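Structure first, commentary second.
Residue numbers (my numbering): 1064 to 1470.
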C-alpha cells in the first residue's frame, strides 16, 4: 500500500477542510492509498469539532496529525508555522517512509519542496489559485508597503519554482492552466485540472425532507408565498457584497423575490451599508450560520442563488465550491463573468444567468432572465453537477495523478 503525506495549512475543523479535503481523502483511501494528514487547526474550531474529524479519519484509516495554527503576528506567524510544518513532516517521514507528498496550497508546498530536496520524494503542488495575487487582489497585501512587496515577490518566485519542479501540479481551472502554460517558455510540471467538486450525496435535492424544510421556513419567518434568493458562504474580500445586495434589490423592485437568505458565519453588519444604499430593510434579509450538514436544507429554500466574485486576475484560477453544491441541489445561479471557467460553463449549459459586468443594463437584463432561470429543471442542473463536479469524478482524477507518479 502506497503511503501519502497530505499537508494542508487549512484546518480540517474549518468548513473548507470538511468539504474540500476530507471527502477526497476518504475516497482515495478506499482506492488503496494510506494517508497521514498534517493540518493546522484554529484553537476554537479544533475544540468544537476535533472529535467529529477524528471519527471521520479513524473510519477511513487516515492518521490525522493536527498542529495548532498560529494567528499573530501577521507574516511572522506564517513563517513560524512553515518551520513547524517542515519539522513535523520530516519527523513523520522518518516514521512512515512516504512514497508521495500531496501539498495543498503554496504554504504547504514549501514543506513539500523541503522534503523533496532532503529525501528526493515526489510532490504534488495542489495550487488552489494564484496565492500571492489573491492576497493583493483581495486588498490583504498592499504592494506600496515594502514588506508586502517583498513577500509578494517571495511567493511568486516560489510559485514559479513549484510549477517547474513539482512532480505534478493541480489547477482548479482550465483558465488557470492556460495562464500558467502561456507564462513559461521552459519545461514545467504536467498540470491536471480538477475543479472544486461537491459531495453530491450530501448536496442532493431528492434527500430533502419536506417536513424539515417547512419547519425551517417557519423558524426563519418565511411564508409559503415568499420567493427567496440565497447567498451561501463568506462575505467581503473577493465577494462583492454591494453588488449582491443591489441584485437582490433589483429583483425585489421587479416583484420577482421578497426575501434574501444569507447563509454565512459573517455578521449582518457587513451588509448594512449596502442595505441602506439600496433601501433593503432588515425584515427582508435573514442571515444565519449553519453547520455543513444543514446547508443543503437552507439551499433548498432558494428560488435561485447569487454570488459575485471580483473579476480580477487571480480569480481566473478560482473554482467556487458553492457553485457545485448549488447545482447539485438543482438551484439556478446568478453570477458574474471573468471568474475561473464560469464563462465556458454558462456557454455550454443553461445554469441560470451570468452577468458580463456590473453596469446598470446588466442588472436590468438579469431581472429579465428571471422567468428563464425559473424554467430550468432541477434534474437538468443536477445532471451538469454530476457530469462536471461530482466528488467521485474528483477522486478519480486525483487517483489518476497518483497512479501516474507512483507507477
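Positions of the beta carbon are idealized from the N, C-alpha and C atoms, including for glycine.
Just so it is clear, the structure is predicted and the values come from calculations on it, not from any experiment.
Enclosing beta strand (DSSP E) for residue i [first to last residue]
i, result
"residue 1166", "1163-1167"
"residue 1256", "1254-1256"
"residue 1275", "Where residue 1275 is concerned, there is no enclosing beta strand (DSSP E), although the alpha helix (DSSP H) it sits in stretches over 1273-1283."
"residue 1291", "1291-1295"
"residue 1129", "1126-1131"
"residue 1367", "1367-1369"
"residue 1351", "1348-1351"
"residue 1322", "1322-1326"
"residue 1068", "1066-1071"
Through-space distance from residue j to residue i, alpha-carbon basis
i, j, result
"residue 1403", "residue 1387", "13 Å"
"residue 1295", "residue 1183", "42 Å"
"residue 1140", "residue 1074", "16 Å"
"residue 1343", "residue 1312", "7 Å"
"residue 1479", "residue 1383", "The structure shown does not extend to residue 1479, since the chain is modelled only from 1064 through 1470, so no value can be given for it."
"residue 1103", "residue 1090", "22 Å"
"residue 1285", "residue 1076", "31 Å"
"residue 1109", "residue 1080", "12 Å"
"residue 1105", "residue 1427", "43 Å"
"residue 1540", "residue 1396", "The requested residue 1540 is not part of the displayed model; the chain covers only 1064 to 1470."
"residue 1335", "residue 1316", "18 Å"
"residue 1446", "residue 1165", "30 Å"
"residue 1458", "residue 1449", "13 Å"
"residue 1122", "residue 1130", "21 Å"
"residue 1095", "residue 1207", "49 Å"
"residue 1304", "residue 1346", "18 Å"
"residue 1064", "residue 1468", "14 Å"
"residue 1275", "residue 1287", "14 Å"
"residue 1293", "residue 1369", "6 Å"
"residue 1454", "residue 1385", "13 Å"
"residue 1375", "residue 1083", "23 Å"
"residue 1204", "residue 1373", "16 Å"
"residue 1435", "residue 1318", "16 Å"
Per DSSP, cross-strand counterpart(s) of residue i
i, result
"residue 1265", "According to DSSP, residue 1265 bridges with nothing at all."
"residue 1416", "1397"
"residue 1136", "Its beta-bridge partners do not exist; DSSP assigns none."
"residue 1232", "1188, 1254"
"residue 1453", "1261"
"residue 1439", "In DSSP, residue 1439 forms no bridge with anything."
"residue 1101", "1070, 1128"
"residue 1299", "1302"
"residue 1158", "Paired residue(s): none; residue 1158 is not in a bridge."
"residue 1242", "BP columns for residue 1242 are empty, so no partner."
"residue 1468", "Answer is none; residue 1468 lacks a bridge partner."
Opening and closing residue of the alpha helix (DSSP H) in which residue i lies
i, result
"residue 1108", "1106-1122"
"residue 1307", "1304-1316"
"residue 1087", "1085-1092"
"residue 1404", "That residue, residue 1404, is in no alpha helix (DSSP H); it is neither H nor E in DSSP."
"residue 1424", "1423-1431"
"residue 1330", "Taken as a continuous stretch (DSSP letters only), residue 1330 belongs to no alpha helix (DSSP H), as it is neither H nor E."
"residue 1206", "Where residue 1206 is concerned, there is no enclosing alpha helix (DSSP H), given that its DSSP letter is neither H nor E."
"residue 1249", "Counting along the chain, residue 1249 falls outside any alpha helix (DSSP H), and DSSP gives it neither H nor E."
"residue 1076", "Per DSSP, residue 1076 belongs to no alpha helix (DSSP H) and is neither H nor E."
"residue 1358", "1358-1362"
"residue 1338", "1335-1340"
"residue 1388", "1384-1391"
Member of the options whose CA lies at the smallest distance from the CA of residue i
i, options, result
"residue 1323", "1307, 1221, 1330", "1307"
"residue 1443", "1394, 1469, 1465, 1427", "1394"
"residue 1263", "1460, 1071, 1451, 1464", "1451"
"residue 1379", "1405, 1364, 1368", "1405"
"residue 1299", "1333, 1211, 1353", "1333"
"residue 1133", "1453, 1126, 1145, 1125", "1145"
"residue 1476", "1292, 1455, 1409, 1366", "With the chain covering 1064 to 1470 only, the question about residue 1476 has no answer from this structure."
"residue 1177", "1195, 1319, 1154, 1191", "1154"
"residue 1432", "1270, 1240, 1217, 1416", "1416"
"residue 1078", "1356, 1361, 1410", "1356"
"residue 1280", "1351, 1385, 1192, 1175", "1351"
"residue 1269", "1258, 1305, 1363", "1363"
"residue 1128", "1142, 1462, 1071", "1071"
"residue 1124", "1150, 1414, 1092", "1092"
"residue 1225", "1418, 1180, 1275", "1180"
"residue 1341", "1425, 1201, 1245, 1310", "1310"
"residue 1258", "1191, 1377, 1278", "1191"
"residue 1291", "1084, 1463, 1401, 1321", "1321"
"residue 1471", "1353, 1193, 1150, 1189", "The structure shown has nothing for residue 1471, since the chain only spans 1064 to 1470."
Residue-level contact to chain D via CB, residue i, 8 Å cutoff
i, result
"residue 1288", "Annotation note: the requested chain D is absent from the structure, which comprises a single protein chain."
Residue i beta carbon near the ligand ADP (any heavy atom closer than 7 Å)
i, result
"residue 1350", "This structure simply doesn't include the ligand ADP, nor any ligand for that matter."
Q. Should the segment 1230-1240 be regarded as contacting the segment 1252-1263, the criterion being three or more beta carbon pairs within less than 8 Å?
A. yes
Q. Would you call the segment 1153-1160 and the segment 1109-1117 touching, i.e. three or more CB-CB distances under 8 Å?
A. no
Q.
Can you confirm whether the segment 1235-1249 touches the segment 1210-1217 when touching is taken to mean that 3 or more C-beta pairs between the two stretches lie within less than 8 Å?
A. no
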